[in-house]
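Q: Sharing a structure with you now.
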Amino acid sequence: MINNKTYKDKLAALLESFSELTDQDLDAAKEVIFATGKDPDAIVRKGLNRLEQIKKMYFALKTDIAFLVKNAETKTISLSYDAAIGDIMDIDEVYEAESGNYKWETGDLKIRELPVDLMYKIMMAANHALPEPGIRQRNKIVPVDISHMDYLIHAGYFIHENLLHPLSEDSVAFAVQLKSNLTKENTLPLKRALDYFVTRGANNLLTFEPEALSISQITESGLYTEESTLFKRKLYPYQKEGLQWLQYCCINRIGGILGDDMGLGKTAQTIALIAWLIEKDILENVLIILPSTLMENWKREFAFFTPSIKPYVHHGSQRTGSKFTLAKEKVVITSYSILMNDRYLFAQQTWGLLLMDEASLVKNPDAERRKALTEIPAHVRIAMSGTPVENSLMDLWSLADLVNPGYLDTRQNFAKKYISKDLTATLNNTGISELRDTVSRIMLRRKKEEVLDSLPERIDIHQVLELNPAETNLYEGQRIQVLSQLKGMTETMMSINVLKQIQLMRQYTTHPFMKEPEKLATASFGALRDSSVKFSRMAQLLDEIKERNEKVLIFTEYLHMIDALKRTLSFHYNCKVYTIDGRVAIAQRQENIDLFSAQDGFSIMVLNPRSGGMGLNITAASHVIHYTRQWNPALEEQASARAYRNGQTKAVNIYYLYYADTIEEVIDNRLRDKKQLSGEVISNTDTRQNMAFYLDALEKSPL
Numbered sequence: 042m043i044n045n046k047t048y049k050d051k052l053a054a055l056l057e058s059f060s061e062l063t064d065q066d067l068d069a070a071k072e073v074i075f076a077t078g079k080d081p082d083a084i085v086r087k088g089l090n091r092l093e094q095i096k097k098m099y100f101a102l103k104t105d106i107a108f109l110v111k112n113a114e115t116k117t118i119s120l121s122y123d124a125a126i127g128d129i130m131d132i133d134e135v136y137e138a139e140s141g142n143y144k145w146e147t148g149d150l151k152i153r154e155l156p157v158d159l160m161y162k163i164m165m166a167a168n169h170a171l172p173e174p175g176i177r178q179r180n181k182i183v184p185v186d187i188s189h190m191d192y193l194i195h196a197g198y199f200i201h202e203n204l205l206h207p208l209s210e211d212s213v214a215f216a217v218q219l220k221s222n223l224t225k226e227n228t229l230p231l232k233r234a235l236d237y238f239v240t241r242g243a244n245n246l247l248t249f250e251p252e253a254l255s256i257s258q259i260t261e262s263g264l265y266t267e268e269s270t271l272f273k274r275k276l277y278p279y280q281k282e283g284l285q286w287l288q289y290c291c292i293n294r295i296g297g298i299l300g301d302d303m304g305l306g307k308t309a310q311t312i313a314l315i316a317w318l319i320e321k322d323i324l325e326n327v328l329i330i331l332p333s334t335l336m337e338n339w340k341r342e343f344a345f346f347t348p349s350i351k352p353y354v355h356h357g358s359q360r361t362g363s364k365f366t367l368a369k370e371k372v373v374i375t376s377y378s379i380l381m382n383d384r385y386l387f388a389q390q391t392w393g394l395l396l397m398d399e400a401s402l403v404k405n406p407d408a409e410r411r412k413a414l415t416e417i418p419a420h421v422r423i424a425m426s427g428t429p430v431e432n433s434l435m436d437l438w439s440l441a442d443l444v445n446p447g448y449l450d451t452r453q454n455f456a457k458k459y460i461s462k463d464l465t466a467t468l469n470n471t472g473i474s475e476l477r478d479t480v481s482r483i484m485l486r487r488k489k490e491e492v493l494d495s496l497p498e499r500i501d502i503h504q505v506l507e508l509n510p511a512e513t514n515l516y517e518g519q520r521i522q523v524l525s526q527l528k529g530m531t532e533t534m535m536s537i538n539v540l541k542q543i544q545l546m547r548q549y550t551t552h553p554f555m556k557e558p559e560k561l562a563t564a565s566f567g568a569l570r571d572s573s574v575k576f577s578r579m580a581q582l583l584d585e586i587k588e589r590n591e592k593v594l595i596f597t598e599y600l601h602m603i604d605a606l607k608r609t610l611s612f613h614y615n616c617k618v619y620t621i622d623g624r625v626a627i628a629q630r631q632e633n634i635d636l637f638s639a640q641d642g643f644s645i646m647v648l649n650p651r652s653g654g655m656g657l658n659i660t661a662a663s664h665v666i667h668y669t670r671q672w673n674p675a676l677e678e679q680a681s682a683r684a685y686r687n688g689q690t691k692a693v694n695i696y697y698l699y700y701a702d703t704i705e706e707v708i709d710n711r712l713r714d715k716k717q718l719s720g721e722v723i724s725n726t727d728t729r730q731n732m733a734f735y736l737d738a739l740e741k742s743p744l
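Counting in the numbering used here, the sequence shown runs from 42 upward without gaps.
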């Protein structure tokens with residue numbers, strides 16, 4: 042054991058000499074040392090090495106110091122921490138208890154034997170490069186300047202309020218890691234701060250104070266109100282709240298379900314989120330998985346909302362097989378069907394955000410498609426669905442478990458607790474209220490009637506689709522044939538034939554079976570859906586409208602298509618489908634409208650825009666689907682006005698379905714541009730202008 046008296050005297054003398062030094066003294070000392078040609082920093086390093094040796098002598102020192110404390114006749118050592126200047130070790134006073142040589146008595150030295158977590162005394166909030174994470178220090182009264190981390194790491198302890206706090210090995214290792222993540226300005230980048238934040242449940246070296254999981258709390262906190270400059274459009278107030286909720290999910294690494302009603306702009310909200318993530322550099326990359334029918338629409342929506350963000354589309358026979366190609370892309374879009382083929386490719390990297398559109402398509406927990414999704418590593422999973430519950434509460438469990446595995450317990454336990462064979466018993470289950478509260482923490486669900494104050498009365502939704510391979514071949518063959526026939530014609534002959542030929546082409550964009558009337562007249566709902574992307578998308582919309590128990594108008598000018606829709610939709614949806622076209626007597630038309638309006642819940646009416654597009658009031662419908670686009674924009678607008686007119690009490694969704702890289706896209710772009718410029722529907726142009734427009738439309742090729 043070290044000689045008590047000798048060691049005591051040396052230690053007391055050393056502490057006494059240091060106690061008289063101030064910051065000014067240290068600066069002056071540095072100047073003197075420089076003047077002698079020596080390096081003061083080298084001397085400091087030598088001192089640090091000495092501290093390392095002292096650290097190794099810790100247990101021996103503890104025995105000696107404990108001896109000093111017990112003996113009143115010896116000098117008592119007092120060490121304290123100066124919070125004002127943030128010094129790690131500041132020796133305030135050394136005095137002799139008996140003689141009272143020193144003015145202030147500051148108490149005996151005390152040894153804290155149990156290691157104290159390093160982060161207990163380190164404040165991070167003041168040193169953030171960005172404010173969003175909301176990280177707080179555990180001890181708000183005594184912040185330790187993070188610039189002193191080096192001293193803590195080398196010394197292995199710190200001193201505060203007369204206590205010597207030795208650091209555990211885990212704490213020192215964590216301090217080394219944290220120090221390596223700091224910038225030169227001793228700030229912690231937002232991305233790294235969030236990496237620490239997400240481990241808060243398992244990491245006892247850090248303490249955070251996240252905001253409550255409430256949309257109102259998030260909004261009022263002001264932490265997530267900033268929108269990205271990459272997003273070039275305006276969001277409605279309720280969409281801004283949705284963006285804030287999505288931002289919160291990503292910051293907290295919480296999987297969520299965006300369950301807004303159809304037509305409220307889930308795509309716009311998620312693209313605004315992606316723009317924010319990219320601008321803030323929070324998550325590495327984004328993978329969007331969706332039905333193939335919506336792929337082209339998502340591409341156009343990105344171009345509309347965020348022109349500078351160009352997603353990489355992983356689709357088709359020429360798609361990449363390299364994980365390195367995917368890894369360097371900020372945003373990747375693919376379909377559920379491609380996911381099945383390339384599931385192992387997507388599973389080879391961890392995605393920042395996994396976004397699933399029309400997530401109700403993967404609600405079956407036993408489906409192979411669903412299993413493929415669970416194999417993809419992701420920090421955050423967001424499911425988008427306007428119908429989170431379609432058939433039973435098990436749909437809700439499935440989506441919740443997809444974005445937050447285990448959040449609603451196991452499948453079996455959930456069913457046992459909440460689901461009964463009798464629907465009435467399920468609804469009367471006292472646990473349903475508890476389930477609603479639990480789910481509200483990970484799902485944002487707004488209905489139209491809840492956001493009417495900020496929702497426009499009319500929502501125009503342009504849904505661009507992509508022809509399937511068979512449709513593409515049919516359309517392209519007809520297009521080449523038309524162009525060939527027009528070659529060499531005089532302008533007069535061309536004006537007679539071009540419109541007729543283009544009208545024939547429009548049949549291909551209505552349905553491939555339009556060229557075979559007998560086949561169209563006998564085809565089943567499934568056959569019509571599987572052979573046409575547009576018919577399939579219309580069916581998806583009808584499913585959502587049926588789930589909401591609302592009514593819909595479908596406009597197409599072709600009688601064969603009206604008959605096919607009436608026959609197949611009435612059978613598939615088990616409801617009467619009403620029609621209005623030139624074959625329906627005038628008196629019968631109003632009767633059909635009355636029957637359609639009086640029918641409870643979901644109901645369908647199919648109309649020819651020329652027969653049913655003027656003078657009729659059908660405000661019972663809150664959805665309009667333009668299945669076949671009109672050459673005359675005024676005619677299309679009049680058709681929409683059957684539902685959107687005086688007396689309408691609900692918001693009206695108006696869907697325009699059209700194919701990319703076809704004459705339908707040219708028509709849609711022309712109408713939208715003119716509306717944006719003039720604020721009203723465009724008027725007819727003269728024949729010569731129309732001729733140029735038609736010829737331009739023929740140049741569009743889906744290949």
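Glycine residues also receive a C-beta, built at the ideal position from the N, C-alpha and C atoms.
#1: As an exercise, report each continuous alpha helix (DSSP H) stretch of at least 4 residues that is fully enclosed by the segment 328 to 358, in chain order.
#2: Use the C-beta contact count for Asn44: other C-beta atoms within 10 angstroms, 16 or more gives buried, fewer gives exposed.
#3: If you draw a straight line from the alpha carbon of Leu305 to that of Glu588, how long is it in whole angstroms?
#4: Between Ile627 and Leu524, what straight-line distance do the alpha-carbon atoms span, to the nearest angstrom?
#5: Quick one: does the C-beta of Leu698 sit closer than 7 Å to a heavy atom of the ligand COA?
#6: What is the C-beta distance between Leu676 and Arg651, in whole angstroms, given that I count them as a contact (C-beta under 8 Å)?
#7: Let me check one thing: in DSSP terms, what residues is Asp436 bridge-paired to?
#8: Assign Ala424 to one of three DSSP states: helix, strand, or coil.
#9: Work out the CA separation of Ala682 and Ser644 for me, nearest whole Å.
#10: Please list the terminal residues of the continuous beta strand (DSSP E) segment that includes Val693.
#11: Using the beta-carbon count (16 or more within 10 Å), is Phe637 buried or exposed?
#12: Quick check on the burial criterion: 16 or more other C-beta atoms within 10 angstroms. Buried or exposed for Phe346?
#13: Helix, strand or coil, according to DSSP, for Lys404 in the structure here?
#14: For Met303, report the span of its beta strand (DSSP E) as first-last.
#15: If you follow the alpha helix (DSSP H) that Met546 is in, where does it begin and where does it stop?
#16: Alpha carbons only, please: which of Met602, Met435, Ile423, Tyr700 is nearest the one belonging to Cys291?
#17: Is the number of C-beta pairs between the segment 515 to 534 and the segment 583 to 597 that are closer than 8 Å three or more?
#18: In the structure shown, what three-state DSSP assignment does Leu508 receive?
#19: Pairs of beta-carbons, one from the segment 278 to 298 and one from the segment 356 to 365, closer than 8 Å: are there three or more?
#20: Return the bridge partner residues of Met484 from the DSSP annotation.
#21: Taking C-alpha atoms, which residue in Asp82, Asp407, Tyr700, Met484 lies nearest to Val444?
#22: Assign Thr620 to one of three DSSP states: helix, strand, or coil.
#23: Does the beta-carbon of Tyr385 have 16 or more other beta-carbons within 10 angstroms, so that it is buried, or is it exposed?
#24: I'd like to check one pair, Thr551 with Tyr516: are the Cβ atoms closer than 8 Å?
#25: Just grab the DSSP bridge partners of Asp361 for me.
#26: Which one or two residues does DSSP pair with Ala419 in a beta bridge?
#27: Please state whether the Cβ-Cβ distance between Lys307 and Leu299 is less than 8 Å.
#28: Glu267: which of Pro446, Lys220, Glu320, Asp236 sits nearest, CA to CA?
#29: Give the DSSP-derived three-state secondary structure of Ile319 in the structure shown.
#30: Could you check what DSSP says for Arg452 in three-state terms: helix, strand or coil?
#31: Just how far apart, CA to CA, sit Glu632 and Asn615?
#32: Assuming Met381 and Val354 are in contact, meaning their beta carbons sit under 8 Å apart, how far apart are those beta carbons, in whole angstroms?
#33: Could you check the C-alpha separation between Leu233 and Pro418 for me, to the nearest Å?
#34: Output needed for Gln717: all residues of its chain with C-beta closer than 6 Å, excluding positions within five of it in sequence on either side, in chain order.
#35: I'd like the list of long-range same chain contacts for Glu342, defined as Cβ closer than 8 Å, with 5 residues on each side in sequence excluded.
#36: In whole angstroms, give me the CA-to-CA distance for Val505 and Lys488.
A: The short version:
#1: 336 to 346
#2: Note that Asn44 scores a pLDDT of 46, beneath 50, so its modelled location is shaky; the value from the coordinates is reported in the next line. Asn44 is exposed by the Cβ-count criterion.
#3: Going from the Cα of Leu305 to the Cα of Glu588 covers about 16 Å.
#4: 41 Å
#5: Looking at this structure, you won't find the ligand COA or any other ligand, since it has none at all.
#6: 7 Å
#7: Asp436 pairs with nothing; no bridge assigned.
#8: The answer is strand: DSSP assigns Ala424 an E or B state.
#9: 18 Å
#10: 693 to 700
#11: Looking at its Cβ environment, which holds 16 or more other Cβ atoms inside 10 Å, Phe637 is buried.
#12: buried
#13: coil
#14: No beta strand (DSSP E) holds Met303; DSSP gives it neither H nor E.
#15: 532 to 551
#16: Ile423
#17: The segment 515 to 534 makes no contact with the segment 583 to 597, as fewer than three CB pairs between them are under 8 Å.
#18: Correct three-state label for Leu508: coil.
#19: no
#20: Ile298
#21: Met484
#22: strand
#23: exposed
#24: no
#25: Note that residue 361 corresponds to Thr in the displayed sequence, not to Asp. In DSSP, Thr361 forms no bridge with anything.
#26: Partner(s): Trp392.
#27: Yes; because the gap between Cβ atoms is below 8 Å, this pair is in contact.
#28: The shortest Cα separation from Glu267 among Pro446, Lys220, Glu320, Asp236 belongs to Glu320.
#29: helix
#30: helix
#31: 21 Å
#32: Not a contact, Cβ separation roughly 17 Å.
#33: It should be pointed out that residue 233 corresponds to Arg in this sequence rather than to Leu. The straight-line gap from Cα to Cα measures roughly 19 Å.
#34: Model confidence at Gln717 stands at a pLDDT of 44, short of 50, so the residue's coordinates are unreliable and nothing is read from them.
#35: Thr308, Ala309, Ile312
#36: 25 Å
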